[in-house]
Each structure stands twice: as structure tokens, then as C-alpha cells.
Amino acid sequence: MSEYYSVKTSFYGKHCPHDLVKRFGSPVYIYNERIFRERCREMAGLVSYPNFRANYSIKANSNLELLKIAREEGMLVDAMSPGEIYVLEAAGYQANEIFYISNNVSAEEMKFAVDRGILVSIDSLSQLKLFGRINPGGKVAVRFNPGIGAGHHEKVMTAGKKTKFGVNMDFVSEVKGILKEYDLKLAGINQHIGSLFLEGNAYLESVNSILSIAKQFEDLEFVDLGGGFGIPYHKQEGQERLDLSMLGESLTKLLLQWSEQYGKNVLFKIEPGRYIAAECGALLGTVHAIKQNYGTNYVGTDMGFNVLARPVMYDSHHDIEVYKNSDISGANEEMVANIVGNICESGDIIARGRRLQKVEEGDILGVMDAGAYGYSMASNYNNRLRPAEVLIRESGEAVLIRKRDTLEDLIRNFII
Ligand SMILES: *Cc1c(COP(=O)(O)O)cnc(C)c1O
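The sequence shown begins at 3 in the numbering used here and counts up by one.
Below you can see the structure in the form of C-alpha cells.
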């Protein structure tokens, strides 16, 4: 299968998927360091505006080793919870590199960030008042909702008139009132309109909106334009990549023009999550059963939705590659099947009606572009063990970077 993405990119390097599974078990997440670094650099270099930083949104993939690499690549980071802040600190990030984008949090959670000197983004007038009471005279950021959203699925549209996120852009004067009341300094404003856009227009439109909000505030240090940069999940059908050079050019023009009017080269940030992590990861799993139920073929694997939730949660498509156990059998035959996991729910489906090279028991499947929102959404549902994570280093070496859960992990927190 020479057209496979893994072959074109030499994804597994000198390792073959069967050997990786033998060595690290199945299922297993495999990451490629070179691809991860490339994506970091593409985002960091998106525009030629001079004061620009890419801020990795770590909820996409917060493996400690990947976080360290992102830091080497000069990425800033955002966190969505105290847990993410804790992991970022463990990876070596300093308070001034972390941006806590809060959403409906308790006073304790807000203090957790404030006590560490981490800048907090506030999501509502109600929480801005809470912040003012906790940290009067402090620095803060406010997340606005520009009234337009984008995304591949309703669940990942994170702005627009029908979502819970951000402060309505009509409330600028209310925000100013609260800032004044608590003597707060507004360091910056941010937005995030949604996830997985593959053409830049909605993003540019949202940038225009946030810039029009930004100019109503004096002396901002930064404006954060949000993430959502998409990747082509349908590579096997020839889906095009997001045209970064075109988007970058338009953005550069906008940002230069705006900061000239504003009278200051404010720092502009973007918040890519998926774009950084998705394509560097593949999920390998093993085929344990082939069956036909009333005319439908099923390929039964160990990749339940506890391991990869995206297909079930968002109806997402992932390209699937077949790695045959033996080269001889069925090389030119094809089949159409539902590829399913081992969880006790009929919705446990990775791919529906997928045309594949004919699969047999013992074959390995590669679920591609699984580096973002893969492991980070994995669970112990059905008391299954979350898989191991393995990194293929630039040097070619394959190293374990997170152990598979153990059975003991499943009862660790019980009071016995
Ligand atoms: C999830 C999220 C991101 C990253 O989204 P991607 O689609 O993965 O780029 C950025 N900013 C915020 C506030 C988020 O919640």
C-alpha cells in the first residue's frame, strides 16, 4: 500500500507496526517526533508580523514528553484546568508561559492559577467580578465571543450566538465597568471560535471581529486569536491541507494594519491544538475477530471508544491503514466493513461501511491522525486499561513515553 500516509511520511521510521505492537502491546498510540516538531514550526511561523507567538492548546495531547518538545520549539501553552497547569509545570513551563483559559470555575480554581502568577482568561461578567474579588488590582484577560463560530461539528463550535463560551461582544462597557470597580488591568483579550476549519475565511472574519473589540480597549499587551486550525482527516481521498501560506499572508496584512492604527505592536497569539498534535499520532490495534451479522461485515478490534472517542463522540472520520500479518494472503482483495471495538455498546464503532484491503485475524490496523483528542479523551470505561504511548524519536529510536494502565490502577482510589 505505497500510497499510505505512513509510507509517504516514513511515519514508523525503521519500525514495522507489528514489531511495535509486539514490543509495546496493543492497542498503542505511536507518535512521530519529527512530524510534531514540523507542526510546531509551521504554527510558530504562520505570520511575518514581528510580535507573534503560537500557543499550544494542550488539551489536544498533554503527554509530558510532547509538552517538553513543544517547549523546546518555543511554544507558549494554554491550560483548561488546574490539572493541566500541574502537568505543564511538571514539563518545565514557567508561569509566564502558561495561559489559563477558564470557563465556569470555582474561586479555588481561579486562586490556583493566580497564586502561581499565571494569567487567567475570564469567560463571563459573573466570573470577572469573582476574579476582581479574589485578585483586586491584578492583571486579567477576557475571552470574548464574536458572535460567529466555526467547526466540523456542533459540539466543537465554541463561539457564535448559541454557545456557552465567551463574553458577548456587546458587553464591552460592562467589562470596562468591572475592570474599573476592582482596579483590574486588562492584559489581553482572546477568543476561540471552534475547531477544525480547512479554509481560512471564517477564521479571518473572526479575527476582524476580535480586532474590532480589541480597539475599544487601551494599551492591551496581547490579542489571542484562537485555535481551530484543521487537518485533512480524509487523506486517502486526497483532501487538501489548510493553505497556511495564504492564511498567513492575509493575517499578516490584517495584523500589521491594525497595530499601526492601534499605535502599538501588541503581541498576537494563536491557540492551535489539533494542528500541532493530530498528524504526529497513530493508534495501532489488533484485529481479533471477523464476522458477518445479517449481511454486514464486522472487523472486531481492541480499539474501543475508551481508547479513541472521536468517531463515537463527533462522528469523526479517521483514515485506516491495514498492516497484514502475512504478505501472502489477500493482498489484492478488498472488503467493506464496520470496524468496531470491544466495548459493550452497539455504538462502539470506529468506522462505518469502510472499504479496506481484506482483513484477517491477527492483522494490525493503524487509525491515522489520532494524536489529538485521542489519548487525552481516553477512559477506563468497561474497566479497560488506557493504552501505552510510544514516541519515535528523530534519531529513529522508539521509546515508551507513557505506560499502559495496570489492573492495579483500576482499584487504586477505592477505600478498601
Ligand atoms: C480546544 C481549544 C483550542 C484548540 O482547539 P483546536 O481545534 O484543537 O485547535 C484553543 N483554544 C481554546 C480556548 C480551546 O478550548
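C-beta: ideal position from N, C-alpha, C; glycine also.
All values derive from a computational prediction rather than experimental measurement.
Item, Value
"Between the C-alpha atoms of Gly398 and Gly287, what's the straight-line distance to the nearest angstrom?", "22 Å"
"Can the beta-carbon of Met77 be found less than 8 Å from the beta-carbon of Tyr51?", "no"
"Please work out which residues of its chain come closer than 7 Å, Cβ to Cβ, to Arg73, disregarding the five sequence neighbours upstream and downstream, and give them in chain order.", "Ala93, Gly94 and Tyr95"
"Name the DSSP beta bridge partners of Tyr58, please?", "Val79"
"By Cβ distance below 7 Å, which residues in the same chain neighbour Lys16 in space, the five residues on each side in sequence not counted?", "Gly398"
"I'd like the list of long-range same chain contacts for Asp350, defined as Cβ closer than 6 Å, with 5 residues on each side in sequence excluded.", "Gly306, Phe307, Val342 and Gly343"
"Can you find a heavy atom of ligand 1 that lies under 7 Å from the Cβ of Glu99?", "no"
"What span of residues does the alpha helix (DSSP H) with Met45 cover, start to end?", "Glu35 to Ala46"
"Cβ of Glu273 within 7 Å of any heavy atom in ligand 1?", "yes"
"Here's the rule: buried if 16 or more other CB atoms are within 10 angstroms of the residue's CB, otherwise exposed. What is Asn415?", "exposed"
"For Ile195, which residues from the same chain have a beta carbon less than 8 Å from its beta carbon, with the 5 sequence-adjacent residues on both sides left out?", "Pro148, Ile150, Gly151, Ala152, Gly153, Met159, Thr160, Ala161, Gly162, Ala204, Tyr205, Ser208, Gly228 and Gly230"
"Would you call the CB atoms of Ala372 and Leu22 closer than 8 Å?", "no"
"Can you say whether Val122 is buried or exposed, counting buried as having 16 or more other CB atoms within 10 angstroms of its CB?", "buried"
"For Val107 and Ala81, what's the separation of their Cα atoms in angstroms?", "13 Å"
"Based on Cα-Cα distance, which residue from Leu310, Glu396 and Asn334 lies nearest to Met379?", "Leu310"
"Using C-beta distances below 7 Å, list every residue in its chain close to Glu223, excluding the 5 sequence neighbours before and after it, in chain order.", "Ala189, Gly190, Val268 and Leu269"
"CA-CA distance, Pro84 and Ile71?", "21 Å"
"Any idea what DSSP makes of Ile71, helix, strand or coil?", "helix"
"At a cut-off of 7 Å, is Met82 close to ligand 1 when judged by its beta-carbon and the heavy atoms of the ligand?", "yes"
"Cβ of Arg41 versus every heavy atom of ligand 1: is any distance shorter than 7 Å?", "no"
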